[in-house]
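Protein chains in written order, with this note's numbering: chain W, 1 to 114; chain S, 1 to 111.
For each residue, glycine too, the CB sits at the ideal point set by N, CA and C.
As the structure is a prediction and not an experimental result, all values here were calculated from the model.
This is the structure in structure tokens:
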């Protein structure tokens with residue numbers, strides 16, 4: 001099905017482990033984003049990508065790594081998970097040639113770090 | 001640094017009432033403003049996008065306005081229904097379509 005999909009939907013991991021959250025979109029959108037949503041903070045941008053092989057930091061990038069070798073995929077890796085990274089993670093995409101395009105979100109990954 | 005504030009944080013209204021949600025932002029240099037809806041445990045759905053050169057957008061019972069100079073936007077919902085119950089988020093776009101979000105207004109429409 002067309003759209004933007006995230007996997008896994010739920011993930012429990014332990015402190016210090018590496019975990020990768022997957023994001024795949026079928027629209028060939030140029031822009032992709034990773035946000036985390038926490039009570040009291042709303043959604044905050046972790047990393048974004050303007051095109052394949054182009055990524056940049058957002059507001060809260062520490063402890064995260066991204067890559068974008070293909071336009072349709074934008075995985076987010078927590079290299080050594082910490083309890084403060086327990087959150088709901090959302091991937092989003094947009095076809096922004098003019099910076100005036102709607103953002104489309106995935107259903108989210110709920111991550112718990114024990 | 002852009003800051004986005006939404007008031008009220010929560011709102012409960014009877015079915016059929018017209019209501020207004022407020023959003024304010026500190027930096028008027030924006031490309032667009034978007035209103036999203038989020039249902040519990042779900043992702044965000046874009047409702048309306050107002051470009052920086054526009055003053056309002058309408059979709060069905062929803063109308064959003066933008067006053068860029070004063071850093072304000074409102075989302076007007078007409079004839080509210082229980083199905084409108086959700087959290088509504090406002091977000092402003094800077095360069096590269098990066099959005100800064102408010103913390104949302106949790107709306108409950110009661111029968």
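- By the beta-carbon neighbour count (other beta carbons within 10 angstroms, threshold 16), residue 98/S is buried.
- For residue 46/S, the chain W residues whose Cβ falls inside 9 angstroms of its Cβ are 102, 103, 104, 105, in order along the chain.
- Burial is judged here by how many other beta carbons sit within 10 angstroms of a residue's own beta carbon; residue 9/W has fewer than 16 and is exposed.
- Chain W has no Cβ within less than 9 angstroms of the Cβ of residue 86/S.
- Taking 9 angstroms as the CB threshold, residue 101/S lines the interface with chain W.
- With a cut-off of 8 angstroms on Cβ pairs, the region 18-30 of chain S is in contact with the region 82-101 of chain S, counting three or more such pairs.
- Annotation for residue 48/W: 31, 32, 33, 34, 55, 56, 58 place their beta carbon closer than 8 angstroms to its own, counting only its chain and skipping 5 residues before and after.
- Not one beta carbon of chain S lies nearer than 9 angstroms to the beta carbon of residue 52/W.
- Interface residue (Cβ-Cβ distance to chain W less than 9 angstroms): residue 43/S is classified as such.
- If you check each beta-carbon in the region 13-32 of chain S against every beta-carbon of chain W, the ones closer than 7 angstroms belong to 31, 32.
- DSSP links residue 14/S through a beta bridge to 110/S.
- Within the region 2-32 of chain W, 4, 6, 31 place their CB atoms closer than 9 angstroms to a CB of chain S, listed in sequence order.
- Fewer than three pairs of CB atoms, one per stretch, sit closer than 8 angstroms, so the region 5-13 of chain S makes no contact with the region 103-112 of chain W.
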